[in-house]
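Colleague:
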Amino acid sequence: MIPSVAPPEAAALRANSRHLLHDVAWYGVLAASSMAFLSVFATRLGATPFQIALLTAGPAVVNLIASIPFGHWLEGRPLVRTSYRAAIWTRAGYLGLIALPALLAPAGQIWTLIALTLIMSVPGTLLAISFNALFADLVPPELRAQVVGRRNALLAVTLTVTALVCGGLLDSVRFPVNYQWVFAMGALGAVASSYHIGRLAAPSDGQIPPRIHQPLLDAARPGAPRVADADRPEAGLRFLARSQGRRLLRLDLLRGSFGGFLLAYLAFYTFQYLPLPIFPIFWVRELELTDGAISLGSALFYVAMIFTSIALRRITNRLGHRRLLHVSSLLYAVYPFLTWLAVDATLFWAASLTGGAVWGLLNAALVNRLMEKVPDGDRPAHMALHNLALNLGILIGSLLG
Numbered sequence: 004m005i006p007s008v009a010p011p012e013a014a015a016l017r018a019n020s021r022h023l024l025h026d027v028a029w030y031g032v033l034a035a036s037s038m039a040f041l042s043v044f045a046t047r048l049g050a051t052p053f054q055i056a057l058l059t060a061g062p063a064v065v066n067l068i069a070s071i072p073f074g075h076w077l078e079g080r081p082l083v084r085t086s087y088r089a090a091i092w093t094r095a096g097y098l099g100l101i102a103l104p105a106l107l108a109p110a111g112q113i114w115t116l117i118a119l120t121l122i123m124s125v126p127g128t129l130l131a132i133s134f135n136a137l138f139a140d141l142v143p144p145e146l147r148a149q150v151v152g153r154r155n156a157l158l159a160v161t162l163t164v165t166a167l168v169c170g171g172l173l174d175s176v177r178f179p180v181n182y183q184w185v186f187a188m189g190a191l192g193a194v195a196s197s198y199h200i201g202r203l204a205a206p207s208d209g210q211i212p213p214r215i216h217q218p219l220l221d222a223a224r225p226g227a228p229r230v231a232d233a234d235r236p237e238a239g240l241r242f243l244a245r246s247q248g249r250r251l252l253r254l255d256l257l258r259g260s261f262g263g264f265l266l267a268y269l270a271f272y273t274f275q276y277l278p279l280p281i282f283p284i285f286w287v288r289e290l291e292l293t294d295g296a297i298s299l300g301s302a303l304f305y306v307a308m309i310f311t312s313i314a315l316r317r318i319t320n321r322l323g324h325r326r327l328l329h330v331s332s333l334l335y336a337v338y339p340f341l342t343w344l345a346v347d348a349t350l351f352w353a354a355s356l357t358g359g360a361v362w363g364l365l366n367a368a369l370v371n372r373l374m375e376k377v378p379d380g381d382r383p384a385h386m387a388l389h390n391l392a393l394n395l396g397i398l399i400g401s402l403l404g
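Throughout, this note's numbering is defined as the position within the sequence shown, counted from one, plus 3.
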């Protein structure tokens, strides 16, 4: 329900809320099809663990290099137009995936996938920052919980349904035509989601909501890659576009307690991404899972993640951000442990269900605890260092794995 504001403002809020819901619904189609099955497709083409690692490490390198310059560049620029154009350039690559199996031999397809992912991550980094900032400008603080809750619920539905539909397609149609259908679904989701981003109406300067410096906790992260049921915790990227001309890269901040705190986060991200390049290879070549079984695992992961996200506030009130972070980070080890024990789809599904439930808590706990440690008056520089630690951890973990 829109609070009592002037009719034009209320109409704009309703229109933007509607487009934000349509955007996330179609993003769910993209995320659960092309994005989710990219590493599995590469594995079925014969990709090595190193090549799978490059699908994750490449975007991390781009983010390390481009995030701070993009943050400075975005200041004062129209966020709707920038987000829309970045979405178009990022997602154009998904259209190219449809024809890829018909144009190249398997070895060529693998390296083209890696190159496409790397190229798409350049505008993808810009999209991730600009959309995060745009969302905070469009939705007033008093409405964010409602809008984010609806977006997350709708995302859960579209992720789950799309994953199951893709599994049925992949098991019933011959390879590689089955993946071409999945990539076509992803391209449709990419185009429709980008359209609704472009339809958002930017508020005037006088209508921009007050900045409360709190995490959005929006489960959809446009521009961020999704590999093997892992989301990047894109915490506070909007602050990179709010430096007001001040220097973002300040290594002096590492000399205090924040340095040790960030080192712990770097270690976690490194170990989180360490096994990810191995997962799709283990599922396909060791467990010999069908694509339908893998898609069911993805659906279980998404459903469990959203259900625990719904209970997040109650659990956080009981444990606190710090204890929740400790507990959920320890429980996260259950996911790779159950995967390692698996001899068929049963334990793989159990690992997916458990991993999704834990990640729904851990992702929010990582962001909330980070926000607790960062002073309100100096968030851009602190969040820039966290973004560097995140991408450095992804890069190191992926390549070591």
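For each residue, glycine too, the CB sits at the ideal point set by N, CA and C.
Please confirm whether Leu157 and Leu334 have their CB atoms less than 7 angstroms apart.
Modeller: In this structure, Leu334 does not lie closer than 7 angstroms to Leu157 by Cβ.
Colleague: With DSSP collapsed to three states, give me the class of Val230.
Modeller: Interpretation of Val230 is limited by its pLDDT of 48, a score under 50 that renders its predicted location unreliable; the figure taken from the coordinates is listed afterwards. Three-state result, Val230: strand.
Colleague: So what's Gly209 in DSSP terms, helix, strand or just coil?
Modeller: Because the pLDDT at Gly209 is just 46, under 50, the model does not fix this residue reliably, and the value given afterwards should be weighed accordingly. Correct three-state label for Gly209: helix.
Colleague: Taking Cβ to Cβ, would you say Leu48 is nearer than 7 angstroms to Gln112?
Modeller: yes
Colleague: Between the Cα of Leu328 and those of Arg317, Leu364, Leu341, spot the shortest distance and give me the residue it belongs to.
Modeller: Leu364
Colleague: Classify Arg80 as helix, strand or coil using the three-state DSSP reduction.
Modeller: coil
Colleague: Tell me whether the region 288 to 297 and the region 132 to 151 touch, counting them as touching only if at least three CB pairs, one residue from each stretch, are closer than 8 angstroms.
Modeller: no
Colleague: What is the DSSP secondary structure of Val125, counted as helix, strand or coil?
Modeller: helix
Colleague: Counting C-beta neighbours from all protein chains within 10 Å, is the total for Ser175 16 or more, i.e. buried, or is it exposed?
Modeller: exposed
Colleague: Thinking C-alpha only, which one of Pro280, Pro143, Met386, Ile91 is nearest Val370?
Modeller: Met386
Colleague: Would you mind stating whether Val377 and Ser331 have Cβ atoms separated by less than 7 angstroms?
Modeller: No, they are not a contact pair.
Colleague: When the Cα atoms are used, what is the spatial distance from Leu162 to Asn135?
Modeller: If you draw a straight line from the Cα of Leu162 to the Cα of Asn135, it is about 20 angstroms long.
Colleague: With DSSP run on the structure shown, which of helix, strand or coil describes Thr293?
Modeller: coil
Colleague: Between which two residues does the alpha helix (DSSP H) holding Ser37 run?
Modeller: Segment: none, Ser37 is in no alpha helix (DSSP H) and carries neither H nor E.
Colleague: Quick one: Cα of Ala159 to Cα of Ile309, how far?
Modeller: 6 angstroms
Colleague: So, are the CB atoms of Ile117 and Tyr276 less than 7 angstroms apart?
Modeller: no
Colleague: Look up Pro339 in the DSSP assignment and say whether it is helix, strand or coil.
Modeller: helix
Colleague: Measure the beta-carbon distance from Ala205 to Val83 and round it to whole angstroms, keeping in mind my assumption that it falls under 8 angstroms.
Modeller: 5 angstroms
Colleague: Let me know the secondary structure DSSP gives Pro278 once reduced to three states.
Modeller: coil
Colleague: Report the rounded CA-to-CA distance for Ser260 versus Ala267, giving the unit in angstroms.
Modeller: 11 angstroms
Colleague: Answer yes or no: do Ser298 and Gly192 have a C-beta to C-beta separation smaller than 7 angstroms?
Modeller: In this structure, Ser298 keeps its C-beta atom at 7 angstroms or more from the C-beta atom of Gly192.
Colleague: From Leu350 to Ser133, what does the alpha carbon distance come to, in whole angstroms?
Modeller: Approximately 39 angstroms, taken between the alpha carbons.
Colleague: Mapping the DSSP letters down to three states, classify Asp347 as helix, strand or coil.
Modeller: In this structure, Asp347 counts as coil in the three-state DSSP scheme.
Colleague: Using only CA atoms, which one of Trp286, Ala18, Ala392 lies nearest to Leu344?
Modeller: Trp286
Colleague: Inspect the beta-carbon positions of Val185 and Phe282 and report whether they are closer than 7 angstroms.
Modeller: no
Colleague: Do Pro52 and Pro280 come within 7 angstroms of each other at the CB atom, strictly closer than that value?
Modeller: yes
Colleague: At 4 residues or longer, and completely inside the region 345 to 394: list those alpha helix (DSSP H) runs for me, N to C.
Modeller: 348 to 376
Colleague: Helix, strand or coil: how does DSSP classify Gly49 here?
Modeller: coil
Colleague: Phe178 by DSSP, collapsed to three states: which one?
Modeller: Residue state, collapsed to three classes: coil.
Colleague: Using three-state DSSP, classify Arg94 as helix, strand or coil.
Modeller: helix
Colleague: Can you give the beta carbon distance from His410 to Ala368, rounded, assuming they're within the 8 angstroms contact cut?
Modeller: With the chain running from 4 to 404 in the structure shown, residue 410 is simply not present.
Colleague: Looking at the structure shown, is Leu328 part of a helix, part of a strand, or coil, going by DSSP?
Modeller: In the structure shown, Leu328 sits in a helix (DSSP, three-state: H, G or I).
Colleague: Given this structure, state the Cα-to-Cα distance separating Asn181 from Asn390, to the nearest angstrom.
Modeller: 36 angstroms
Colleague: Who are the Cβ neighbours of Leu402 in its own chain at under 6 angstroms, not counting the five residues just before and after it?
Modeller: Same-chain partners within the cutoff: Ala56, Ala60.
Colleague: When DSSP labels each residue in this structure, what does Pro143 get in the three-state scheme?
Modeller: coil
Colleague: Between Asp255, Pro81, Gly400, Leu107, which has its C-alpha nearest Phe274's C-alpha?
Modeller: Ranking the options by Cα distance to Phe274, first place goes to Gly400.
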